[in-house]
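Numbering (our numbering), first residue to last: 1 to 138.
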Amino acid sequence: MKRAAAAIVFTIAGLVILLGFKTGRPPTANLASPGSTTAGPDVPTGTTRTATGPVVQTPFGAVQVQVISHGRHITNVTAVRLPNDTGYSQILSQTAGPQLRREVLAAQSAHIDAVSGATYTSDGYARSLQSALDQLHP
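Take a look at the structure:
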């Protein structure tokens, strides 16, 4: 009886995860204007700037990102806040946070792939990042 109950619980949990899976991509933005390969006149090439995006609420918790750029090159991005309300959220954030950071540094924009199993966190990360990039490069 215990095995049957455990099987039912795991089946329901799996269905909840599958039904909550979003297949869309997070919002996107590029630091450089379309077709541009150099920094615009608004941000000198040698200037290092930092901006923090807003807190974005997701169904699993808050996400907030801070970005550092040198001219129009993203040199670092840090998750100021990631979901951590439950043990599952904490584990997922520990995995998704570094992966999202690598995505941003490789893409040099908020145009990043969502982390499988952390779609809402990925979306919140991209939205907070986009806002921070907008602050750096209006």
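Ideal Cβ placement from N, Cα and C applies to all residues, glycine included.
DSSP places R72 outside both helix and strand once states are collapsed to three, so it counts as coil. Annotation: the continuous alpha helix (DSSP H) that includes A106 extends over G87 to A107. A straight-line Cα-Cα distance of about 7 Å links T121 and L82. Around the beta carbon of Q64, 16 or more other beta carbons lie within 10 angstroms, which makes this residue buried. Residue range T119 to L136 is occupied by the alpha helix (DSSP H) that includes T119. The shortest C-alpha to C-alpha distance from A62 to any of I68, A126 and L136 is the one to A126. Going by C-alpha positions, V115 is about 17 Å away from V56.
Note on R102: under 16 other CB atoms within 10 angstroms of its CB, so exposed under the neighbour-count rule. Pairing G87 with T78, the inter-Cα distance amounts to about 21 Å. Note on geometry: alpha-carbon atoms of A51 and H73 lie some 13 Å from one another.
Distance from the CA of A106 to the CA of R3, rounded to the nearest whole angstrom, comes to 45 Å.
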